[in-house]
Amino acid sequence: MRNIVLVKGNIIGTAGHHYATGWVAPAPESWEKEAAQVIDGDLVLDEKYQIIPYCIYCATGGVSALGINTISASYGPTSIIEQYYKNIQETKQLIQVVVPKPLLSNYYRLLYIGVIGCLESFITELLACLVLGNSDFFHSFVNKHNYKLSLSEVEKFSNNMLFSVFEIIYKINAHDLRKIKEVFTQVFSIDFPSIAELGAMIKTRHDLVHRNGYKIKNNLMVQEDITTGDIFSLIEACDIFVNELTKELTDSINKWETERLFKEKAD
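This is the structure we're talking about:
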């Protein structure tokens, strides 16, 4: 049995947001024998329907979304890693843009913030991809990650605990590396890369974002002077971190990819 939900009909997304490992139409005939669940007739997805995110949903008919962003699927770990390096390369190109000298300080400040944004996006998307796309990682996250829900969230998630994990992951502050370290070590049982150097750089990012480029020094507010050297040093630190984290997650990424049926030929 595979993590497949076969719909003998059409899949129609009308409301809510439904995340699955994949959406396939038309479904190969051989998949019915491998499916963990078979649904006769159309499957209409609304705000009350509880979808299983680590399953592939396939239909003998078609798959359609009547609402905006009603259904979505992961790009996969490899694509997320490639997107990070693409974003970083674009930032390097932006450094070369000619900017009037009076505006350089603000411009470099924005680029520095943007690099941290690339890192945060990478961390969040990779975590969401691995957890939501694999049943073992999904249940590991649910059982091991200590996330406190507000009363409003408890009420909101009570009807759909499976999909609530999606929102929980995306509410984690990815620049809080101590929290991120806790999540990754608990869920994937890995040695998390050192966060000392990046932690100091993220503190600089905090001053740039929340104090408009000023930091507290000797009981005074002093403007943070960001240079191209600072940006390249940050990029290097982020690249090292991403490379080390990716290596630590090699087994988890391979497990995710080998279990995804898009890379397997139907019998």
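Per the numbering used here, the sequence shown starts with residue 1059, numbered consecutively.
Each residue gets a CB set at the ideal place from its N, CA and C atoms; glycine is no exception.
Using the Cα positions of residue 1114 and residue 1087, report the straight-line distance between them to the nearest angstrom.
-> So the two alpha carbons sit approximately 15 Å from each other.
Contacting residues, own chain, Cβ-Cβ under 7 Å from residue 1199 (five flanking each side not counted) | Sequence-distant partners of residue 1199 (beyond 5 residues in either direction) whose C-beta falls short of 7 Å from its own C-beta, in its chain, are 1189, 1223, 1245.
Spell out a yes or no on whether the region 1160-1174 and the region 1285-1296 are touching, meaning 3 or more CB-CB pairs, one atom from each, closer than 8 Å.
-> Two segments are said to touch when three or more pairs of C-beta atoms, one from each, lie closer than 8 Å; by this definition the region 1160-1174 touches the region 1285-1296.
Inter-stretch contact (C-beta, 8 Å, three-pair minimum) for the region 1100-1116 and the region 1075-1090 | Touching, yes, given that three or more Cβ pairs across the two stretches are closer than 8 Å.
So, helix, strand or coil for residue 1108, using DSSP?
-> DSSP places residue 1108 in coil when its eight states are reduced to three.
Tell me where the alpha helix (DSSP H) around residue 1146 begins and ends.
-> 1135-1153 is the extent of the alpha helix (DSSP H) around residue 1146.
According to DSSP, which residues form a beta bridge with residue 1130?
-> In DSSP, residue 1130 forms a bridge with 1077.
Can you tell me where the alpha helix (DSSP H) with residue 1289 in it begins and where it stops?
-> Looking at the DSSP string, the run of the alpha helix (DSSP H) that includes residue 1289 is 1286-1306.
With DSSP run on the structure shown, which of helix, strand or coil describes residue 1062?
-> Reduced to three states, the DSSP call for residue 1062 is strand.
Going by beta carbon distance, what residues of the same chain come within less than 6 Å of residue 1303, once the five residues before and after it are set aside?
-> Residues of the same chain with a CB within less than 6 Å of the CB of residue 1303, apart from the 5 flanking positions on each side, are 1251 in chain order.
Please go through the same chain and pick out, in chain order, the residues whose beta-carbon is closer than 6 Å to the beta-carbon of residue 1213, but skip the five residues on each side of it.
-> Interpretation of residue 1213 is limited by its pLDDT of 48, a score under 50 that renders its predicted location unreliable; the figure taken from the coordinates is listed afterwards. Excluding sequence neighbours, residue 1213 sits near nothing in its chain.
When burial is assigned at 16 or more other CB atoms within 10 Å of the CB, is residue 1170 buried or exposed?
-> Here residue 1170 is buried, its C-beta having at least 16 other C-beta atoms within 10 Å.
Hey, residue 1142 and residue 1195: beta-carbon distance below 8 Å or not?
-> No; because the gap between Cβ atoms is not below 8 Å, this pair is not in contact.
Residue 1061 vs residue 1085 beta-carbon contact at 8 Å | Not in contact: residue 1061 and residue 1085 (Cβ atoms no closer than 8 Å).
Put residue 1082 into one of helix, strand or coil per three-state DSSP.
-> The answer is strand: DSSP assigns residue 1082 an E or B state.
Got a sec: does the ligand GDP put a non-hydrogen atom nearer than 7 Å to the Cβ of residue 1234?
-> Among the ligands in the structure shown, none appear at all, so the ligand GDP cannot be discussed.
Compare the Cα-Cα distances from residue 1107 to each of 1148, 1078, 1140, 1247 and report the closest residue.
-> The residue with the shortest Cα to Cα distance from residue 1107 is 1078.
Measure the Cβ-Cβ separation of residue 1080 and residue 1315 and say whether it is below 8 Å.
-> No; because the gap between Cβ atoms is not below 8 Å, this pair is not in contact.
By a C-beta neighbour count over all protein chains shown, 10 Å radius and 16 as the cutoff for buried, is residue 1268 buried or exposed?
-> With fewer than 16 other Cβ atoms within 10 Å, it is exposed.
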